[in-house]
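Undergrad:
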Amino acid sequence: MNVPRTRAIGATGVLAAAALTLSACGSTPATSTTANDKSAATATSAADLGGMDALAAAAKKEGTLNAIALPRDWADYGAIIDGFTKKYGIKVQDENPPGSSQDEVNAITSRKGQSNAPDVVDLGSSFALSGAQQGLFASYKVAGFDKIPAAQKDSGAAWYNDYGGYISIGCDAKRVKVCPKTFMDLLKSDYRGEVSLNGDPTKSGAAFGGVYAASMANGGSFVQIQPGLDFFGKLKRLGNFNPTPATPATIQKGQTPITIDWDYLNAGYADAFKSKGLDWQVAVPSDGVYAQYYSQAINASAPHPAAARLWEEYLYSAEGQNLFLKGYARPALMDSMEVDGSLDAVAAGKLPAVTGSPAFPTEDQLDTAKKTVIAKWAQTVS
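Sequence positions in the sequence shown follow mature numbering (1 follows the signal peptide of the UniProt record, and there is no 0) and run -26 to -1, 1 to 356.
1. On a CA-only basis, which of ILE141, SER189, LEU239 is nearest LYS155? Give me that one, please.
2. For PHE182, which of helix, strand or coil comes out of DSSP?
3. Distance check for PRO201 and LEU161, CA to CA, integer angstroms please.
4. Less than 7 Å between C-beta atoms, sequence neighbours within five positions excluded: which residues of the same chain meet that for THR176?
5. If you draw a straight line from the alpha carbon of ASP136 to that of GLY98, how long is it in whole angstroms?
6. To the nearest whole angstrom, what separates the beta carbons of ASP47 and ALA246, a pair I think is in contact under 8 Å?
7. Do THR18 and TYR114 have their CB atoms nearer than 7 Å?
8. Exposed or buried, which one is ALA125 when buried takes at least 16 other CB atoms within 10 Å?
9. Tell me the rounded alpha-carbon separation between ALA30 and ALA280.
10. Would you say the beta carbon of ALA106 is closer than 6 Å to some non-hydrogen atom of the ligand COA?
11. Opposite PRO305 in the DSSP bridges: which residues?
12. Between GLY173 and ASP237, what straight-line distance do the alpha-carbon atoms span, to the nearest angstrom?
13. Where SER105 and ASN192 are concerned, what is the direct C-alpha to C-alpha distance, given to the nearest angstrom?
14. Can you tell me where the beta strand (DSSP E) holding GLN295 begins and where it ends?
15. Under DSSP, the alpha helix (DSSP H) around THR38 begins and ends at which residues?
16. For the putative contact between ASP146 and LEU252, defined by C-beta atoms under 8 Å, what is the C-beta separation to the nearest angstrom?
17. By the 10 Å Cβ neighbour count, where 16 or more other Cβ atoms means buried, how is GLN76 classified, buried or exposed?
18. So, does the region 319 to 335 touch the region 76 to 87, judging by three or more C-beta pairs under 8 Å?
19. Note the first and the last residue of the continuous alpha helix (DSSP H) segment covering GLN339.
20. Across which residues does DSSP place ASN273 in a beta bridge pair?
21. Straight-line CA distance for GLY294 to VAL355?
Below you can see the structure in the form of structure tokens.
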């Protein structure tokens, strides 16, 4: 299989934050309509609005898309945002680029009906599931909806996977004498104070994936994530766990020389930091193979409903999917694009090597694992 089934954190460069200035409260956004007076807020497909041209016209009239937590160096989002703006002339307001999946959910729930609410979100799988259960997302089928594997989308189109990757171990080979290749390697005394996650696993999809992968490497399963918590508890007791959240900045400064993160993020760092003299090596651990996708969803009360829907259409077009691929993330439509010849074969050939086929937890398993981590993480690393 070419495609792992989950939000892979990965891409290129140094975080560029273009924060959206927020007011204490916003006005209720006006309802967006097409020339035929069809409401974008209730459209479940482009056809409902009269087709893609009508959707694009309504989105251009809105002129703005409120995005959140999209670092430009994550899965090539910088190029994706620029490409969308160039193609449609719509400004993308990207609030809090380094934010977590939980931050995105909080923004939707706390700003309902306000003009500064997010139009779209990009979430770790467990957060997409819980958000859909809360009724936070609009039902909308992009043109390529039927090509997204059934297990990678909500049957009611409240969310769908967009890009994914495997949990990997990134390592600064100039600071670490021998880079670890497996989770078991991380327990060695050589790595005291050097092993970090990309955030807090109760809030970050990438960090949550790191705990799940550690569980798989230590006799756990999708049903039982406790071995992953036990592993990080052991890392903490040994003095190997570094609580500093890994970011491009901490990597460059040498503060987080070993990071457990999505392979597309670590692979992107390897490219971006090479010119800065950093030898960043990437390995997908054979003892903890865990793949996941990040999911797209539209805020049910999006202030720019047409722009939100057009954004999703762009992400799931061949252009958008290949841009994810250039950021080392495996796009959700990768298999179908390979069949129809629209896949960027050169970019696909640069993906990190992985052994074995990925498996994916069910919704119930993800939900149970998330609850376990939320309840026990703080105590695990205290």
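All residues carry an ideal CB built from backbone N, CA and C; glycine is no exception.
TA: In short, the structure shows the following:
1. Taking the first residue of the sequence shown as 1, we reach residue 155 at position 181. LYS155 has its Cα closest to that of ILE141, out of ILE141, SER189, LEU239.
2. Translated into the one-based positions of the sequence shown, residue 182 becomes position 208. Looking at PHE182 - three-state DSSP - the assignment turns out to be helix.
3. Sequence index remark: in the sequence shown, residue 161 carries index 187 (1-based). Sequence index remark: in the sequence shown, residue 201 carries index 227 (1-based). One C-alpha to the other measures close to 14 Å.
4. Position 202 of the sequence shown, counted from the start, is the residue given in the question as residue 176. Counting only Cβ-Cβ distances below 7 Å, and skipping sequence neighbours, we find VAL347, ILE348, TRP351.
5. On the sequence shown, position 162 is the one that residue 136 refers to. On the sequence shown, position 124 is the one that residue 98 refers to. Roughly 11 Å between the two C-alpha positions.
6. Residue mapping note: residue 47 aligns to position 73 of the sequence shown, counting from 1. Residue mapping note: residue 246 aligns to position 272 of the sequence shown, counting from 1. The pair is a contact, with the Cβ atoms about 7 Å apart (cut-off 8 Å).
7. Sequence index remark: in the sequence shown, residue 18 carries index 44 (1-based). Sequence index remark: in the sequence shown, residue 114 carries index 140 (1-based). Yes, the pair counts as a contact, with Cβ atoms nearer than the cut-off.
8. Locating residue 125 in the sequence shown gives position 151, where the first residue counts as 1. Looking at its Cβ environment, which holds fewer than 16 other Cβ atoms inside 10 Å, ALA125 is exposed.
9. Here the question's residue 30 lines up with position 56 in the sequence shown. Here the question's residue 280 lines up with position 306 in the sequence shown. Roughly 8 Å separates the two Cα atoms.
10. Summarising the ligand content, the structure contains no ligands, and the ligand COA is consequently not present.
11. If you number the sequence shown from 1, residue 305 lands on position 331. Answer by DSSP bridge pairing, in chain order: TYR137.
12. On the sequence shown, residue 173 is found 199 positions in, with the first residue counted as 1. On the sequence shown, residue 237 is found 263 positions in, with the first residue counted as 1. Straight-line Cα distance between these residues: approximately 15 Å.
13. Sequence index remark: in the sequence shown, residue 105 carries index 131 (1-based). Sequence index remark: in the sequence shown, residue 192 carries index 218 (1-based). Before going on, a small fix: residue 105 reads as Gly here, not Ser. Roughly 30 Å separates the two Cα atoms.
14. Here residue 295 refers to the residue found at position 321 of the sequence shown. Segment 292 to 300 is the alpha helix (DSSP H) holding GLN295; no beta strand (DSSP E) there.
15. Sequence index remark: in the sequence shown, residue 38 carries index 64 (1-based). Where THR38 is concerned, there is no enclosing alpha helix (DSSP H), although the beta strand (DSSP E) it sits in stretches over 38 to 42.
16. Position 172 of the sequence shown, counting from 1, holds the residue named residue 146. Position 278 of the sequence shown, counting from 1, holds the residue named residue 252. At roughly 6 Å, the Cβ-Cβ gap stays under 8 Å, so ASP146 and LEU252 are in contact.
17. The residue you call residue 76 lines up with position 102 of the sequence shown. Buried, since its Cβ has 16 or more Cβ neighbours within 10 Å.
18. no
19. To locate residue 339, count along the sequence shown from 1; it is residue 365. Element bounds for GLN339: 337 to 354.
20. For this step, residue 273 is matched to residue 299 along the sequence shown. The partner list for ASN273 (beta bridge, DSSP) reads PHE111.
21. Along the sequence shown, read from residue 1 onward, the residue named residue 294 stands at position 320. Along the sequence shown, read from residue 1 onward, the residue named residue 355 stands at position 381. GLY294 and VAL355: Cα-Cα distance of roughly 39 Å.
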